[in-house]
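All remarks here apply to the structure that follows.
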Amino acid sequence: MSYTPLHVHSEYSLLDGLSKTSQIASRIKDIGATSCALTDHGTVSGAVDFVKTMKDNGLKPILGCEVYICHGDSKDRTPDNKGLFHQVILAKNLEGWKTLLELVAMSNHPNRFYHKPRISFYDISKVDTSNLITFSGHLGSYLANVITKDDKILPNWQQLGIDAVNLQKKLFGDNFYVEIQMVDSDRNPFSKKVAECLREIAAITNTPCVATPDAHYARREDAIDQRVLLCTSLKKTLGQIKMDIRQGNSVGMRCFFESDNFHIPSFEEMQQWHTEEEIENTNKIADMCEDYSILSAPNPPTFKCPNNMTPDDYLRLLCRQGWKKKMVHIDDEEQLKVYGERVNNELEVFLSCGLSSYFLIVRDIIKFCHEHNYITGPGRGSAAGCMVSYLIDITQIDPIPADLLFERFYNAGRNSPGKISWPDIDIDVPKEARPKVIEYIREKYGEENVAQIVTYTTLKGRSALKRVMTAIGGISFTEQNAMTKYILDEAKIADELQEMKEELGTSSIIRWCIENNPKRFKDWVEIDKDGEFVGDRAEIFKQAIRLEGTKIIQSKHAAGVVVSPYKISETCPMVRSTDVNDKGYIAGFEGPSCEEVGLLKIDVLGITMLDKVMSVADILLGVA
2 MSYTPLHVHS EYSLLDGLSK TSQIASRIKD IGATSCALTD HGTVSGAVDF VKTMKDNGLK
62 PILGCEVYIC HGDSKDRTPD NKGLFHQVIL AKNLEGWKTL LELVAMSNHP NRFYHKPRIS
122 FYDISKVDTS NLITFSGHLG SYLANVITKD DKILPNWQQL GIDAVNLQKK LFGDNFYVEI
182 QMVDSDRNPF SKKVAECLRE IAAITNTPCV ATPDAHYARR EDAIDQRVLL CTSLKKTLGQ
242 IKMDIRQGNS VGMRCFFESD NFHIPSFEEM QQWHTEEEIE NTNKIADMCE DYSILSAPNP
302 PTFKCPNNMT PDDYLRLLCR QGWKKKMVHI DDEEQLKVYG ERVNNELEVF LSCGLSSYFL
362 IVRDIIKFCH EHNYITGPGR GSAAGCMVSY LIDITQIDPI PADLLFERFY NAGRNSPGKI
422 SWPDIDIDVP KEARPKVIEY IREKYGEENV AQIVTYTTLK GRSALKRVMT AIGGISFTEQ
482 NAMTKYILDE AKIADELQEM KEELGTSSII RWCIENNPKR FKDWVEIDKD GEFVGDRAEI
542 FKQAIRLEGT KIIQSKHAAG VVVSPYKISE TCPMVRSTDV NDKGYIAGFE GPSCEEVGLL
602 KIDVLGITML DKVMSVADIL LGVA
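In the working numbering, the protein residues as written are 2 to 625.
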């Protein structure tokens, strides 16, 4: 037999959850389960990553979120209304996913966001909940909070609990379950007492119970790595936290430092704590959730062309016009033939892949910049290898004399049925002009159809090593600096890391540096003939390697902008920007995930050097 883990966090629960989606999928396969829910705190930004990883492993993904609920009006942003409790909500189908996106966007609205993205039960009552499944009951959730205070069961707990369940049923109908969570009950007897009360309330109200873990890491042995993230969040060392616990001081997320039970349990582990019905209801819920897809083929806005022309015809026309203007200096027939074949080949590829609107949209943005006298970059990276881009004034470099390869820019061979990859053309503009350029894109395609995107800072090499050492404590800054001095930046060894990943299936900056410069690290760690780490600080290096790539900070991407023919919120979570100068919405998927749901991503980079060049030009022209 097996069960379905329905309460699982990933690294997208920043500085709280640890697991990458690949680690979750691996654990699900190991315990013999066939599906799993992702329920990160206040976010669904890991959904695309989760869906792809689960399906690649032959597993069924269930999309959900552990939303934050406030006691009062969600728009009352005062200290009295700061307290929050948790509620897990799952999407039964694609319509449920869209409702979940609506709730996430609502919780991130500037009028509601207060320390955390939050909503109220009143807000939930305003959406269609028929395609959602929810449960409540773990410590910190609404149902548990109603019947307890200060780790004690309230005298009138039964009536309070009945009223709370009836409220939930009013909101969610038969899609509400009482959550029984006992993964840490051996260490924390109070959670067992709460579970017993909830079972009684469920019986009185004829409400089904469901068993859940509270997984913040995939495997039990991962607990020590999660604590490094928690130390970062709490700004304390492990030693300081242990001292606070011994002295009876308040410690945030204390349970994680006292227990290693917050992994994805096996079926046998769940049997120790739960009834057969509670476990069976996990599979019942999984069966209620359809195997739907949130992914989509590329779907850019259709560019509005003059004279009712189609995008394909307009792109051809612009190429012909560009040819007449830019090819006049070539009089050699053989050379003209080379150019002609190159252009025709590129056009055939782009038109067959339905990419005409993409090039017209990018060209239009460049055109706007030039009309407003903004200098743009001549062509960054592989984009300069596209002859079509040169002819229609996206780039300013003729790729043929420079022997620039088109295939480095775009290779149609990578496409598959229903999966067309986007070209990647970065648009360099003066930094001061970038907000105006983005505003133009919004005006052109619609305020709700254009958004900047989220990005995440991850632990890489040196930063992973320092986070581990800071959490452990007792290591001087001098030694920390000495141990990390020869850990190279990722950009300097990018090709080598890619080779490492192709060979081993994974890559590590730290391991590469030790392998290729062992003398610099021999005082702390060495790799023996069996490939094992040995030395006085070996465990620190091993832990840092395990943490490499983990997401820790959310911010706004410096360049990425997504464009859609419809509201972005229909396919992508909208989250609050952390930019101090912009507290509005940004798309909650990273760039690759935005593209996976069909959104067009364009990188508009603000380049300070272009501002300086423009200033010099103004001075020379006597404008300044």
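We put the CB at the ideal spot given by N, CA and C, even for glycine.
Quick caveat, the model's predicted, so the values are computed rather than measured.
Can you give the beta carbon distance from residue i to residue j, rounded, assuming they're within the 8 angstroms contact cut?
i	j	result
Leu64	Val89	Contact flag wrong, Cβ pair sits at about 12 angstroms.
Cys256	Asn146	Rounded, the Cβ-Cβ distance is 16 angstroms, inconsistent with contact.
Cys354	Ala413	6 angstroms
Lys557	Asp580	5 angstroms
Val9	Ile265	6 angstroms
Val450	Pro566	The sequence shown places Asn at residue 450, not Val. Sure, about 7 angstroms apart at Cβ, within 8 angstroms.
Asn262	Val184	5 angstroms
Gly253	Leu235	6 angstroms
How about residue i and residue j: do their beta carbons lie closer than 8 angstroms?
i	j	result
Lys76	Asn112	yes
Cys232	Ala483	no
Leu16	Leu230	yes
Met289	Lys153	no
Gly382	Ile608	no
Thr149	Phe177	no
Tyr446	Pro302	yes
Ile511	Leu466	yes
Lys61	Asp292	yes
Ser14	His42	yes
Leu606	Asp427	yes
Val128	Thr100	yes
Leu498	Cys514	no
Asp223	His139	no
Leu392	Leu361	no
Ala212	Met271	yes
Phe534	Lys520	no
Leu611	Ile398	no
Val576	Ile587	yes
Taking 8 angstroms as the CB-CB limit, is residue i close to chain D?
i	result
Pro574	Structure shown: chain D not included; a single protein chain is present.
Indicate the three-state DSSP secondary structure (helix, strand or coil) for residue i in the structure shown.
i	result
Leu95	helix
Asp663	Past the boundaries of the shown model lies residue 663; the chain is included only from 2 to 625, so the question cannot be answered.
His42	strand
Asp292	coil
Gln241	helix
Met55	helix
Arg381	coil
Cys210	strand
Phe258	helix
Val89	strand
Gln137	Here residue 137 turns out to be Ser, not Gln, going by the sequence shown. It is a strand residue.
Pro111	coil
Ala625	Confidence is the limiting factor: at Ala625 the pLDDT is only 47, short of 50, which leaves the residue's position unreliable and the question unanswerable from this model.
Met575	strand
Val252	coil
Lys432	helix
So the beta strand (DSSP E) residue i belongs to, where does it begin and stop?
i	result
Leu316	Here Leu316 belongs to no beta strand (DSSP E); instead the alpha helix (DSSP H) covers 312-327.
Leu39	36-39
Lys559	The question names Lys, but residue 559 in the sequence shown is Ala. First-last of the beta strand (DSSP E) with Ala559: 552-564.
Glu67	61-71
Gly607	601-608
Thr458	451-459
Phe177	177-181
Where do the ends of the alpha helix (DSSP H) carrying residue i lie?
i	result
His371	357-372
Tyr123	122-126
Ser464	463-473
Thr233	224-235
Pro436	435-446
Ala539	539-548
Ala671	Beyond the ends of the chain as shown, which are 2 and 625, falls residue 671; an answer cannot be given.
Val344	334-353
Asp164	158-173
Ala495	495-505
Ile587	Careful: Ile587 lies outside any alpha helix (DSSP H), inside the beta strand (DSSP E) at 586-588.
Trp423	Note, Trp423: premise wrong, no alpha helix (DSSP H); not H, not E.
Check: How about the region 515-531 and the region 560-575: do they share at least three Cβ pairs that are nearer than 8 angstroms?
Finding: Touching, no, given that fewer than three Cβ pairs across the two stretches are closer than 8 angstroms.
Check: Below 8 angstroms, can you find three or more Cβ-Cβ pairs linking the region 313-328 to the region 276-285?
Finding: Touching, no, given that fewer than three Cβ pairs across the two stretches are closer than 8 angstroms.
Checklist line | Validate contact between the region 537-557 and the region 435-442 using beta carbons, cut 8 angstroms, 3 pairs | finding: Result no; under three Cβ-Cβ pairs closer than 8 angstroms.
Check: Hey, is the region 439-456 in contact with the region 356-376, meaning 3+ C-beta pairs nearer than 8 angstroms?
Finding: Pairwise C-beta distances place the region 439-456 in contact with the region 356-376, as three or more of them are shorter than 8 angstroms.
Next item on the list: Report yes or no: do the region 8-22 and the region 50-70 share at least 3 C-beta pairs separated by less than 8 angstroms?
Entry: A contact exists between the region 8-22 and the region 50-70.
Check: Are the region 239-247 and the region 194-206 touching, with three or more C-beta to C-beta distances below 8 angstroms?
Finding: As far as the Cβ criterion goes, the region 239-247 does not touch the region 194-206, which means the pair count is below three.
Margin query: Using 8 angstroms as the cut-off, can you tell me whether the region 116-124 makes contact with the region 588-597, which would need three or more C-beta pairs spanning the two stretches below that distance?
Written below: Result no; under three Cβ-Cβ pairs closer than 8 angstroms.
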